[in-house]
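Novice: Read in the working numbering, the sequence shown has 142 at position 154, and its numbers run on one by one without any break. The C-beta atom is built at its ideal place from N, Cα and C for all residues, glycine as well. What follows is a structure written as structure tokens; I'll ask about it next.
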Amino acid sequence: MIEFDLENPELDETIKDRALESGGYPYRDAIDDDRYETHLRALQIELVKLQRHLIETGERVVALFEGRDAAGKGGTIKRFLENLNPRNARTVALPKPSDRETRLWYFQRYVSTLPAGGEIALFDRSWYNRAVVEPVMGFCTPEETEIFLREAPAFEQMITEEGLHFFKFWLEIGREMQIKRFHKRRHDPVKVWKLSPVDLQALEKWDEYTAARNEMFVATDTPATPWTVIRANDKKRARIAAIQSVLWPIAYKDKDFSAIGEIDHKIVMSPEAFLARAG
């Protein structure tokens, strides 16, 4: 187990050095900033084209962003949305359920957040709380998780049968990178709000999160609604990969494949491929 005191303003050099390559990440260096900004700009132009297409046709996009705490879900969603019309593109980040909501069918409160025609909805965590965070942290019973894992594929099948473009992303980071990002949050006055008591407890439950993630993949990675794993130790590569993964399969007017670029399959992979590499 990695031991580190988050209250100490100094980060151990060993953790700094190992953070990027932790978890088997394939690159020793982060993406060059100029290359990143140029590619991101091109991708965001393509997203504007996609949004225009959705508004004209009434098609809908749903993307779920899951992953360990500090995996970069919010930052990735921000880059998706920052140049889109907010009337038709939004983040969904539901708070803790109310007393009444805890007595609903589990998926019920999520149904009303799905996009109408022409809209994009990006979930910063989703119904998959019931598969990973809740069971690991003791917020639900094993029976509730078992029911969820059985029902989720059928629920998602209904979403796709309604014609929605549906994506499920798991952003994967290594343990040293999670510690590094938690440490930055703890000592950055404009980011300290991001560090919650649940985040801190997650540091001690790394293996439990891993086991829950793997069980989730086995139960809910289906041909109709597959998971996409994005190795996210480098946030910027992860953002590019996620946007590419949404743009590639959807047909829209004036699509520029050269601007989108080829997906890096060292970064983007299926759960089966990811788990095989993870051993």
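Kindly indicate which three-state DSSP category Glu54 falls into: helix, strand or coil?
Specialist: One-based indexing of the sequence shown puts residue 54 at position 66. Correct three-state label for Glu54: strand.
Novice: For the stretch 106 to 122 against the stretch 48 to 60, are there 3 or more C-beta pairs whose distance is under 8 Å?
Specialist: yes
Novice: Which partner residues does Asp112 have in the DSSP bridge list?
Specialist: The residue given as residue 112 occupies position 124 in the sequence shown. DSSP output for Asp112 lists Phe53 as bridge partner(s).
Novice: My assumption, with CB atoms under 8 Å, is that Ile231 sits in contact with Val256. Please give the rounded CB distance.
Specialist: Here the question's residue 231 lines up with position 243 in the sequence shown. Here the question's residue 256 lines up with position 268 in the sequence shown. Not quite, the Cβ-Cβ distance comes to about 11 Å (not below 8 Å), so this is no contact.
Novice: Is there at least one non-hydrogen atom of the ligand MN closer than 6 Å to the beta-carbon of Ala266?
Specialist: Within the structure as shown, the ligand MN is missing, as the structure has no ligands at all.
Novice: Give the single residue among Pro237, Trp158 and Ile3 whose Cα lies nearest to the Cα of Asn202.
Specialist: By 1-based counting over the sequence shown, the position of residue 202 is 214. Comparing Cα-Cα distances from Asn202 to each of Pro237, Trp158 and Ile3, the minimum goes to Trp158.
Novice: Starting from Phe95, trace the alpha helix (DSSP H) in both directions and tell me its first and last residue.
Specialist: For the purposes of this step, residue 95 is taken as residue 107 along the sequence shown, with counting starting at 1. No alpha helix (DSSP H) holds Phe95; DSSP gives it neither H nor E.
Novice: Looking only at its chain, what residues have a beta carbon closer than 8 Å to the beta carbon of Gln39, apart from the 5 residues adjacent to it on each side?
Specialist: Counting from one through the sequence shown, the residue named residue 39 turns up at place 51. So the qualifying residues of the chain are Leu72, Asn73, Asn76, Ala77 and Ile108.
Novice: Compute the distance between the beta-carbons of Glu34 and Leu188, then report whether it is under 7 Å.
Specialist: Here residue 34 refers to the residue found at position 46 of the sequence shown. Here residue 188 refers to the residue found at position 200 of the sequence shown. Cβ distance not < 7 Å, so Glu34 and Leu188 don't count as in contact.
Novice: Go through its chain and collect everything with a Cβ distance to Ala81's Cβ below 7 Å, but skip five positions before and after it.
Specialist: Locating residue 81 in the sequence shown gives position 93, where the first residue counts as 1. Within the same chain, Ala81 has close Cβ partners Asp112 and Arg113.
Novice: Among the residues of its own chain, which have a CB less than 7 Å from the CB of Leu183, if the five just before and after it don't count?
Specialist: Taking the first residue of the sequence shown as 1, we reach residue 183 at position 195. Cβ neighbours of Leu183 beyond the five flanking positions: Phe170, Arg173 and Arg174.
Novice: Less than 7 Å between the C-beta atoms of Ile167 and Ala220, yes or no?
Specialist: Walking along the sequence shown from the start, residue 167 turns up at place 179. Walking along the sequence shown from the start, residue 220 turns up at place 232. Taking the C-beta atoms as reference points, Ala220 is found no nearer than 7 Å to Ile167.
Novice: Can you tell me the Cβ-Cβ gap for Cys128 and Glu134, rounded? I've got them flagged as a contact below 8 Å.
Specialist: Residue 128 sits at position 140 when you count from the first residue of the sequence shown. Residue 134 sits at position 146 when you count from the first residue of the sequence shown. Contact doesn't hold; Cβ gap of about 10 Å is too wide.
Novice: Can you check which of these residues, Ala18, Lys223, Ala7 and Glu250, is closest to Gly55 by C-alpha distance?
Specialist: Translated into the one-based positions of the sequence shown, residue 55 becomes position 67. Comparing Cα-Cα distances from Gly55 to each of Ala18, Lys223, Ala7 and Glu250, the minimum goes to Lys223.
Novice: Excluding the five sequence neighbours on either side, which residues of its own chain have a C-beta within less than 6 Å of the C-beta of Ala7, listed in chain order?
Specialist: The residue given as residue 7 occupies position 19 in the sequence shown. These residues qualify, in order along the chain: Glu164, Met165 and Lys168.
Novice: Our contact map puts Thr210 next to Pro141 with C-beta atoms below 8 Å; I'd like the distance itself, whole angstroms only.
Specialist: On the sequence shown, position 222 is the one that residue 210 refers to. On the sequence shown, position 153 is the one that residue 141 refers to. Going by Cβ atoms, the distance from Thr210 to Pro141 rounds to 5 Å, so yes, they are a contact pair.
Novice: Distance check for Glu89 and Arg97, CA to CA, integer angstroms please.
Specialist: Working through the sequence shown from its first residue, we reach residue 97 at position 109. Working through the sequence shown from its first residue, we reach residue 89 at position 101. Their Cα atoms are separated by approximately 7 Å.
Novice: With distances taken Cα to Cα, identify the nearest neighbour of Leu(-6) among Val180, Ser246 and Ala229.
Specialist: As a first step, residue -6 must be located in the sequence shown, where it is residue number 6. Nearest C-alpha to Leu(-6): Val180.
Novice: Which stretch, first to last residue, makes up the alpha helix (DSSP H) that contains Leu159?
Specialist: Taking the sequence shown and counting its residues from 1, one reaches residue 159 at position 171. Element bounds for Leu159: not the alpha helix (DSSP H) but the beta strand (DSSP E), His153 to Glu160.
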